[in-house]
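Asks:
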Amino acid sequence: MNPNQGRRWVIVLIMLFIAFIFIFRLLYIQVLDDKWSNRAESITNSQEVIKPARGLIYDRNGKLLVVASQVYDIWVTPRKIGKIDTLELCNVLGLSREEFDKKLQKARNYASYKASVFLEGVSSSDFAKMITKLQRYKGFEIKVNTQRGYPADVGAHFLGYIRKISAEKYKKNKEGGNDYYLMDDYIGITGLEKVYEEDLRGKRGKVKYLKDRLGNKKAELEIDYAEEGKNLYTSIDLDLQKYGEELMQNKIGCIVAIEPSTGEILAMVSAPTYSPSKMVGRDFAKNWTEMSKNDSLKPLINRAIYNSNYRPGSIFKLVQALVAMQSGVITENTGFPCNKSLIGCHNHEAPSNVRIAIKHSCNPYFYQVYKRLILRGEKSNIFKDSRIGLTKWREMVTTFGLGVKLDTDIPGVKSGNIPDTNFYDKWYGKNRWAFSTIYSNSIGEGEIGVSPLQMANLAAILANKGYYYTPHLVKKIGEDGDKKEKFKVKHFTAVDSSYFIPVREAMEQVVLNGTARQAQIDSISVCGKTGTVENKSFNDHSVFIAFAPKENPKIAIAVYVEYGTWGGTWAAPIASVMIEKYLKGELSEKGKKKEKRIKEAVILTKHSDFKH
Amino acid sequence: MSREQNVLKKIDKPLLLMYYALVFMGLFTIYSSSYNEEYPEIYAWSQPYGKQLFWIVISSVVGGVILLMDSNFIKKTSYATYGVVLLMLVVVLLMPPIKGARSWFKIGSFSLQPSEFAKFATAMAVSYYLSGINIKMQDFKTKFTVFVLLAIPGGLILLQPDAGTLLVFFSFIFVLYREGLSGNILLGGFFMVIIAVLAVFLKASESMGNVFGFEVEANYLFAVMVVIIGGLIMLIIKNFVLPRYRKARYKLTIWATLISVVMILSVNWAFNNVFKDRHRSRFQIMFGIKEDRKGDGYNIYQALSGIGSGRFSGKGFLQGTLSNEKYKHVPEQSTDFIFCSWAEEWGFVGSTLLILLYVSFLIRIVSIAERQRSRYNRIFGYCVASILFFHFMINIAMVLGLAPVIGIPLPFFSKGGSAILSFSILVFILLRLDAGRTEELY
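In the order they appear, the protein sequences are chains A and B. Residue numbers are given in the working numbering: position 356 of the first sequence equals residue 358, and the series is strictly consecutive. Residue numbers are given in the working numbering: position 341 of the second sequence equals residue 363, and the series is strictly consecutive.
#1: Looking at C-beta atoms only, is the number of pairs between the region 503-513 of chain A and the region 85-104 of chain A that lie closer than 8 angstroms three or more?
#2: Compare the C-alpha of A/Ser354 against each of A/Gln370, A/Ser343, A/Leu344, A/Asn289 and name the closest.
#3: Look up A/Ala42 in the DSSP assignment and say whether it is helix, strand or coil.
#4: Are any of the Cβ atoms in chain A nearer than 7 angstroms to that of B/His413?
#5: Output, in sequence order along the chain, the residues in the region 23-34 of chain A whose CB is closer than 9 angstroms to any CB in chain B.
#6: Who pairs with B/Val233 in a beta bridge, going by DSSP?
#7: Report the neighbours of B/Ile329 on chain A: residues whose CB is nearer than 8 angstroms to its CB, in chain order.
#8: Looking at the unbroken alpha helix (DSSP H) that takes in B/Trp67, where does it start and where does it end?
#9: Going by DSSP, name the residue or residues bridged to A/Trp77.
#10: With DSSP collapsed to three states, give me the class of B/Thr374.
#11: Answer yes or no: does any C-beta atom of chain A fall closer than 7 angstroms to that of B/Arg459?
#12: On the criterion of 16 or more Cβ atoms from any shown chain inside 10 Å, does A/Thr333 qualify as buried, or is it exposed?
#13: Please go through the region 233-319 of chain B and give each complete alpha helix (DSSP H) segment of 4 or more residues, from N-terminal end onward.
#14: State the DSSP-derived secondary structure class of B/Ala185, mapped to helix, strand or coil.
#15: Starting from A/Asp241, trace the alpha helix (DSSP H) both ways and give me its first and last residue.
#16: Given B/Ser55, which residues of its chain have a CB within under 7 angstroms of its CB, disregarding the five upstream and five downstream residues?
#17: Between A/Arg203 and A/Gly231, how many whole angstroms is the CB-CB distance? I'm expecting something under 8 angstroms.
#18: In chain order, what residues of the same chain lie with their CB nearer than 7 angstroms to the CB of A/Leu136, ignoring the 5 residues before and after it?
#19: Grab the span of the alpha helix (DSSP H) containing A/Lys65 for me, first residue to last.
#20: Using a threshold of 7 angstroms, state whether the C-beta atoms of A/Ile557 and A/Ile576 are closer than that.
#21: Could you have a look at A/Leu223 and say whether DSSP puts it in helix, strand or coil?
#22: How would you call A/Asp411, buried or exposed, if buried means at least 16 neighbouring beta carbons within 10 angstroms?
#23: What residues from chain A crowd round B/Arg471, counting only those whose CB sits closer than 7 angstroms?
#24: Using a Cβ-Cβ distance cut-off of 7 angstroms, determine whether A/Ile225 contacts chain B.
#25: On the three-state DSSP scale, how would you describe B/Ala123?
#26: Is there a Cβ of chain A sitting closer than 7 angstroms to that of B/Ile19, yes or no?
#27: When Cβ atoms are compared, which residues of the region 330-354 of chain B fall closer than 8 angstroms to chain A?
#28: Quick check on B/Glu59 - is its C-beta less than 7 angstroms from some C-beta in chain A?
#29: Going along the chain, which unbroken runs of the beta strand (DSSP E) with 3 or more residues stay wholly within the region 79-164 of chain B?
#30: Sorted by chain position, which residues of the same chain lie with C-beta nearer than 7 angstroms to B/Val249's C-beta, five sequence neighbours on each side aside?
#31: Check each candidate in A/Phe368, A/Ser329, A/Val331, A/Leu320 and name the one with the smallest Cα separation from A/Ile345.
#32: Report buried or exposed for A/Trp38, applying the criterion of at least 16 other Cβ atoms within 10 angstroms of its Cβ.
#33: Looking at A/Tyr469: is its Cβ nearer than 7 angstroms to the Cβ of A/Phe489?
#34: My output table needs one value for B/Tyr464: the three-state DSSP class, helix, strand or coil.
#35: Check for me: the alpha helix (DSSP H) holding B/Phe412 runs from which residue to which?
#36: Suppose only complete runs of 4+ residues qualify. What are the alpha helix (DSSP H) ranges in the region 267-349 of chain A, listed by chain order?
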């Protein structure tokens, strides 16, 4: 036998020893320690965001107001650009040399090694032109985004706009625990886009996937689908809105039309207006600066809600009459002499009851009505008596949605002003004011402030004989959705519906034989009230509220034309053609004449000169 | 006719079975690691698995031919085979380089790698030489001749250059040990490896020692320490060893100390002057001195992630997410790093099974070698076991991060026609010799 035969066992032992080391090592790598399998996951797993399409916005008849279209953002990483023919690139991008340099400098200031937005919102057609050439340049990448489009080109003020989330807002959101938004997300800044942001934006999805060495997606692990943004079905009547904007061209002011039975806003025009598409895409900054800084007419302001310092003028007499009757200080048949020594008035038949007083908008009548409301004789001291009277009066007036913020879906609504005792205490000092100090309020002047939205709501209250639904713009959130619950709540005023009957009849008379004959429509009974808001040293403002038809009203409207002088001059005819257009679809001959006159008028300066 | 039946009857079935088990496990791993959805058939000609299957068939055919040969004929052609392969190794150096190495003959879409054939040819030549009459392992001439037989193909392969394959020639030390080479040399070799690894570690970790306020490289201190230990051992020998043994022990200690010091100093020198940056960082990564998942450590980082992600029971066939053509996170998933694919798909259970199967296969070869009457047969058997074991050990140690990255295939698993053919020839020659063991006298 071979003397070295025993050595086979040495060799076999070495083999077993090595195998043992390997198995032990494998046990450690694969089973005991999860370091390597965690590392494997970080090598293979990746995820990306699925952006949902933003909801569309429709009018009440299903016509599109706002669409979402695909656009392209061009991002740049300055360091990657290298040497290029800058002029040629400018041509490709459609930029001037200065613009190009400015944008590139901005990107460099952000970070030269990181990508940042260079050109935002390039339209599909522009993009198609530049893509083939752009591909030759290094450092530029393309990201798809959605952008708003406005096929109807109306309603800029209430629709609002979206922008890429600002750095400050992004940070603030993060700190506040709201980590939904990403750096390149768009967010509603104003209008419906802001109020219904969470409905419109939808919910972002996420896909977790396995990637290969080069980062290509190879297999999907888990998909959290994006929820598409909900479409908004607004109460706006596109045709009416468009028509209102046409009428208000070359004027300053606004129109608000409401469906009284629901509180749904049919039209909301603020003039001067602007095309909503100006707030989209590359020229946003330029347009915004132009409109907010350089345009003295301030087109960005939504006058329908914002100018709460608009005084209502004579239309406020309607409220005074109702509150007085409810308070029992007058009846519908109470008469007062038209005593021009109290307060100025024009010549008209004696105001022997509420109806006649409203029909002729008699100032001394409402001076005396307001006096009875403020000085009720509960205290002998007129200062103290005025305090009690003012408080009781205010309590009732605010039930008309005046002096309070309407909880609507338009951002930025103002409460207006129905002064209370604090207000006057601050102004004059406690017990240093009485009726004689504040009598201007009686005819809607003085310290009364009412936004046009509130005026329109007042018209709706009159149409409804005593109640209103908070005016709102959206009647349905999503295809199968509903409006917000708060818009289904009936708000009753403190005035019984019976007191509305004489006031409504008076309003009919205002149009038939009174100050608003310009508002007549042949086949429709319109009830209205003019207001001429004093504007010292300049032309007065022209105000008119109305509803129609008298029975079963379909529309309530408020029109405010700055520097338009008498309520009957511009506001009333504008309201009447709006009503006629809405109820009839087209205008009568008489209506067409009014329309022509309105469209030709230019009332833009404080001293507007025009023929009545 | 009767003799052929005899051969087939006497074939070692367990070995043959394990051989095919490994080969087909390998084929399916290649299938999975380079799976192409457009060509799902395993015989898809254009795909790596189709090619591998083709080479498996070729190997079986060649294996069949070998089984039909006469044992003596095989033995007698040992030197001739060796000579032909040497010629190929010379000619291949004249070929145009592929990936920086002149290692391949390219014929159409196939390439032959003669360095693979050098493995079995050298095994045959060494077996033939050592089984000669009056050859004694103790003779210096014997050792020298074997060294030359190994050095010629080794040197030619180094010229290609292909350091990984060269390493395989060190595996013959097991053969020589079995044939009577002093155990001290095996032990010494093992000892030297440890000394070298320690020296590399000290160098790679940039260790410094402090001697009387002077910064000294740790390896110099290491060498001094080795000399001191050598001296201590001499003292022990002087006091505790019988006088008649002392001279031999002194000699051994002096040689060991001297070689150790030379080893330490040359490693120290080579690390800075011969190694390239990537070699240096590979060592640093291996020792865990630095972790580098992007640069030089990328391969091993990815490989370990792939293996680790298999967890206990694996992801399942074709379910890997790192070590395959689809994901490509692990480099060379079909060749040197094929074990990753297997370990990822079959987990700890599968990898343990593979290692046990492999070791059983190797141990079976050792037992077969031991039952031979003929020295040639036994030596050749040990050659087969040693070559395969060396490949297995270095390849798996590499993918497990226990050895630096050395390009060496896992036999029967790694993709490569020449490799599987060469390994199969080794196995089939052994099967043929074993089947005919009773007919032979020497």
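Yeah, the Cβ is synthetic: ideal placement off N, Cα and C, and Gly gets one too.
Replies: The structure says:
#1: Per the Cβ contact rule, the region 503-513 of chain A is not in contact with the region 85-104 of chain A (fewer than 3 Cβ pairs under 8 angstroms).
#2: The residue you call residue 354 of chain A lines up with position 352 of the first sequence. Measuring from the Cα of A/Ser354, the nearest candidate turns out to be A/Gln370.
#3: Translated into positions along the first sequence, residue 42 of chain A becomes position 40. Here A/Ala42 sits in helix by DSSP.
#4: Here residue 413 of chain B refers to the residue found at position 391 when the second sequence is read from its first residue. Cβ-Cβ to chain A under 7 angstroms: no for B/His413.
#5: Those would be Ile23, Phe24, Ile25, Arg27, Leu28, Leu29, Ile31, Gln32, Val33, in chain order.
#6: For this step, residue 233 of chain B is matched to residue 211 along the second sequence. As DSSP reads the structure, B/Val233 sits in a beta bridge with B/Phe236.
#7: Position 307 of the second sequence, counted from the start, is the residue given in the question as residue 329 of chain B. Near B/Ile329 (Cβ distances below 8 angstroms), the residues of chain A are Leu28, Ile31, Gln32, Trp38.
#8: Here residue 67 of chain B refers to the residue found at position 45 of the second sequence. For B/Trp67, there is no enclosing alpha helix (DSSP H), as DSSP marks it with neither H nor E.
#9: On the first sequence, residue 77 of chain A is found 75 positions in, with the first residue counted as 1. Beta-bridge pairing by DSSP links A/Trp77 to A/Val119, A/Glu143.
#10: Numbered from its first residue, the second sequence carries residue 374 of chain B at position 352. Here B/Thr374 sits in helix by DSSP.
#11: Mapped onto the second sequence, residue 459 of chain B falls at position 437. Against chain A, the CB of B/Arg459 has no partner CB under 7 angstroms away; the residue lies outside that interface.
#12: By 1-based counting over the first sequence, the position of residue 333 of chain A is 331. Exposed is the call here.
#13: DSSP runs (the alpha helix (DSSP H)) wholly in the region 233-319 of chain B: 240-262, 265-295, 299-308.
#14: Sequence index remark: in the second sequence, residue 185 of chain B carries index 163 (1-based). The answer is helix: DSSP assigns B/Ala185 an H, G or I state.
#15: Mapped onto the first sequence, residue 241 of chain A falls at position 239. Run containing A/Asp241: 240-249, per the alpha helix (DSSP H) assignment.
#16: Numbered from 1 along the second sequence, position 33 holds the residue referred to as residue 55 of chain B. Sequence-distant Cβ neighbours of B/Ser55 in its own chain, meaning closer than 7 angstroms and more than five residues away, are Ser345, Asn346, Glu347, Gln355, Ser356, Ile360, Ser363.
#17: In the first sequence, the residue the question calls residue 203 of chain A occupies position 201. In the first sequence, the residue the question calls residue 231 of chain A occupies position 229. Yes, A/Arg203 and A/Gly231 are in contact; Cβ-Cβ is about 5 angstroms, under 8 angstroms.
#18: Here residue 136 of chain A corresponds to residue number 134 of the first sequence, with the count starting at 1. The residues are Val94, Phe142.
#19: Locating residue 65 of chain A in the first sequence gives position 63, counting from the first residue. Counting along the chain, A/Lys65 falls outside any alpha helix (DSSP H), and DSSP gives it neither H nor E.
#20: Position 555 of the first sequence holds residue 557 of chain A. Position 574 of the first sequence holds residue 576 of chain A. Not in contact: A/Ile557 and A/Ile576 (Cβ atoms no closer than 7 angstroms).
#21: Counting from 1 along the first sequence, the entry for residue 223 of chain A is found at position 221. Looking at A/Leu223 - three-state DSSP - the assignment turns out to be strand.
#22: Residue mapping note: residue 411 of chain A aligns to position 409 of the first sequence, counting from 1. Its Cβ being crowded by 16 or more others within 10 Å, A/Asp411 is buried.
#23: The structure shown does not extend to residue 471 of chain B, since chain B spans only 23 to 464, so no value can be given for it.
#24: Locating residue 225 of chain A in the first sequence gives position 223, where the first residue counts as 1. Among the CB atoms of chain B, none fall inside 7 angstroms of the CB of A/Ile225.
#25: Translated into the one-based positions of the second sequence, residue 123 of chain B becomes position 101. Here B/Ala123 sits in strand by DSSP.
#26: Since the first and last residues shown for chain B are 23 and 464, residue 19 of chain B lies out of range.
#27: Within the region 330-354 of chain B, Gly330, Ser331, Gly332, Arg333, Phe334, Thr343, Leu344, Lys348, Tyr349, Lys350, His351 place their CB atoms closer than 8 angstroms to a CB of chain A, listed in sequence order.
#28: Position 37 of the second sequence, counting from 1, holds the residue named residue 59 of chain B. Chain A, which has no Cβ nearer than 7 angstroms to the Cβ of B/Glu59, makes this no.
#29: Correct list: 127-129, 132-134.
#30: Mapped onto the second sequence, residue 249 of chain B falls at position 227. Within the same chain, Thr279, Val283 come within 7 angstroms of B/Val249 by CB-CB distance, once the 5 residues on both sides are set aside.
#31: What you label residue 345 of chain A is simply residue 343 of the first sequence in a count that begins at 1. When only C-alpha atoms are compared, the closest one is A/Phe368.
#32: On the first sequence, residue 38 of chain A is found 36 positions in, with the first residue counted as 1. Label assigned to A/Trp38: buried.
#33: Here residue 469 of chain A is taken as the residue at index 467 of the first sequence, counted from 1. Here residue 489 of chain A is taken as the residue at index 487 of the first sequence, counted from 1. Their beta carbons are not under 7 angstroms apart, which means A/Tyr469 does not touch A/Phe489 by this criterion.
#34: For the purposes of this step, residue 464 of chain B is taken as residue 442 along the second sequence, with counting starting at 1. Its pLDDT being 47, under 50, B/Tyr464 is placed unreliably in this model, and the value from its coordinates should be taken loosely. In the three-state DSSP reduction, B/Tyr464 falls in the coil class, being neither helix nor strand.
#35: One-based indexing of the second sequence puts residue 412 of chain B at position 390. From DSSP, the alpha helix (DSSP H) with B/Phe412 extends over 397-421.
#36: 286-291, 305-308, 318-329, all fully within the region 267-349 of chain A.
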